[in-house]
Amino acid sequence: MAPTIKVDKVQENLKTKLFGKYMFFSREVGSTNDWAKELAELDAPEGTVAIAETQTAGRGRLGRKWHSPKGGLWFSIILKPNLKPTETVKLVFLASLAVAETIRELYSLKAETKWPNDVIVDGRKVCGILLEMKTVGERVIYAVIGVGINVNIDIEKEFPRELWEKATSLEVVLGKKIVLETFFKALLEKMESLYQVFLEGGFSPVLAKWKAYASFLGCEVEVSSGDEKFEGVALDVNGGGALVLKLKDDTVKHVFAGDLSLKIKGC
Ligand code: ATP
Ligand code: BTN
Numbered sequence: 036m037a038p039t040i041k042v043d044k045v046q047e048n049l050k051t052k053l054f055g056k057y058m059f060f061s062r063e064v065g066s067t068n069d070w071a072k073e074l075a076e077l078d079a080p081e082g083t084v085a086i087a088e089t090q091t092a093g094r095g096r097l098g099r100k101w102h103s104p105k106g107g108l109w110f111s112i113i114l115k116p117n118l119k120p121t122e123t124v125k126l127v128f129l130a131s132l133a134v135a136e137t138i139r140e141l142y143s144l145k146a147e148t149k150w151p152n153d154v155i156v157d158g159r160k161v162c163g164i165l166l167e168m169k170t171v172g173e174r175v176i177y178a179v180i181g182v183g184i185n186v187n188i189d190i191e192k193e194f195p196r197e198l199w200e201k202a203t204s205l206e207v208v209l210g211k212k213i214v215l216e217t218f219f220k221a222l223l224e225k226m227e228s229l230y231q232v233f234l235e236g237g238f239s240p241v242l243a244k245w246k247a248y249a250s251f252l253g254c255e256v257e258v259s260s261g262d263e264k265f266e267g268v269a270l271d272v273n274g275g276g277a278l279v280l281k282l283k284d285d286t287v288k289h290v291f292a293g294d295l296s297l298k299i300k301g302c
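In terms of the working numbering, the sequence shown opens at residue 36 and continues consecutively.
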C-alpha cells in the first residue's frame, strides 16, 4: 500500500531554507524523537525532519503513551539554536502556535493553544508537542521538537474509549480527510518563519500571538503535579513561559511546565 504521506511531495516547492530540506521517512519507528536524536548525534543539520507513518513507542509528556496510528502527522525536527536551555524550552510555544495558526489558515477552524504544549479544537486535544534537548552546562547542543497531530484519524475506531472525550482529529471536526502533504508543507513554512521571528525578535512576539489563541486565560483551572493540586484562575503566561495563577486565597503563583498538567474547569 502507498504511504499516507509522500515526502517528495512535501519537499516540492517547499519555501523554507532549513526546515524539511533533509527529511527521513519511515513506515514505522519507535519514536520519531528518538530517531531525530540519533540523527542529531550523527551531525544531521538544523532543520532535519524525522517523520513516520506510525510509531510503536510514541511518547508524550510525563512519560505517557502517545497513540500514533496511520493518518496522523508524527514528526520531529532538529534545531540548534544558540540559546540557553531556559530560552530553548520556549520553542514549545513556537511549535504549538505554528500548528494552531496553520490549522486556522488552511481550514478556518478555531484552533486554540493550551499551556504548556497542546493545541485544542472543539475543546479537545488535536496536537501535543514534546521538546527534548541535549545540553552541556548552559549550552544547547541540539533540541528535538516532536509534534504529534491527529489529522486523518477516526478517533472512536483508533483510540481507547478513555480518550474519546479528550482527543479529536482534523478529520473528525472537518468531516473529511485532508491532504497530509499540503498541511505539512504549510506547517514547516510557518514553523521556520516563526523560528526566525523568535531568533531575531525574541520570545515576546511569539508569546503575544500564542496568547491571542489561548483558550484558558481568564478561566478556572486545576494544575496538578503528582499528588499536589492547585486551583485558581489562569491570569497570564509570563515572558519566562510560566503560568501565572491566582489562587483561591488571592495569592499569585507562578508555575513552570515541568511535570505539570492543566485542566480547564470553567470560564
Ligand atoms: P498534557 O497536559 O500533557 O497535554 P492533559 O492531561 O492536558 O495532558 P488531556 O487532554 O486531559 O491531556 O488528555 C489527553 C491524554 O491523552 C493525555 O494524557 C495525552 O498524552 C493522551 N494521548 C495519547 N495519545 C494522544 C493523541 N494522539 N492525541 C491526543 N491525546 C493523546
Ligand atoms: C504530549 O502532548 O504529551 C506530547 C505529545 C508528543 C507526541 C509527538 S509524536 C512525534 C514525536 N515522537 C514522540 O514519541 N512524541 C512526539
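Think of the CB as a built atom: it goes at the ideal place given N, C-alpha and C, for glycine as much as any other residue.
Closest in C-alpha terms to THR217, from the list VAL124, ALA79, GLU140, comes GLU140. Around the beta carbon of PRO151, a 10 Å sphere encloses 16 or more other beta carbons of the protein chains shown; the residue is thus reported as buried.
When secondary structure is reduced to three states using DSSP, GLY276 falls in the coil class, being assigned neither helix nor strand. The continuous beta strand (DSSP E) containing THR148 extends over residues 147–149.
Take the alpha-carbon of ALA146 and the one of VAL42: they are about 25 Å apart. THR170 sits in a strand when the DSSP states are folded into three classes.
Straight across, the Cα-Cα distance linking TYR57 with SER296 is about 34 Å.
In its chain, beyond the 5 residues on either side, VAL256, VAL258, PHE265, GLY267, VAL268, ALA269, LEU270, VAL287, LYS288, HIS289, VAL290 have a beta carbon closer than 8 Å to the beta carbon of LEU280. Contact annotation, GLU227 with PHE54: C-beta distance approximately 4 Å; criterion of less than 8 Å satisfied. A distance below 7 Å separates the beta carbons of LYS225 and THR137. The straight-line gap separating the alpha-carbon atoms of CYS254 and LEU278 is approximately 12 Å. ALA249 is bridged by DSSP to THR148. Per the DSSP secondary-structure output, SER66 pairs with nothing in a beta bridge.
Using a Cβ-Cβ distance cut-off of 8 Å, the segment 239–252 and the segment 170–179 are not in contact, since fewer than three pairs of beta carbons, one from each stretch, lie closer than that value. In terms of Cβ geometry, SER111 and ALA85 form a close pair [threshold 7 Å]. If you check the C-beta of TRP150 against the ligand BTN, you find no heavy atom less than 6 Å away.
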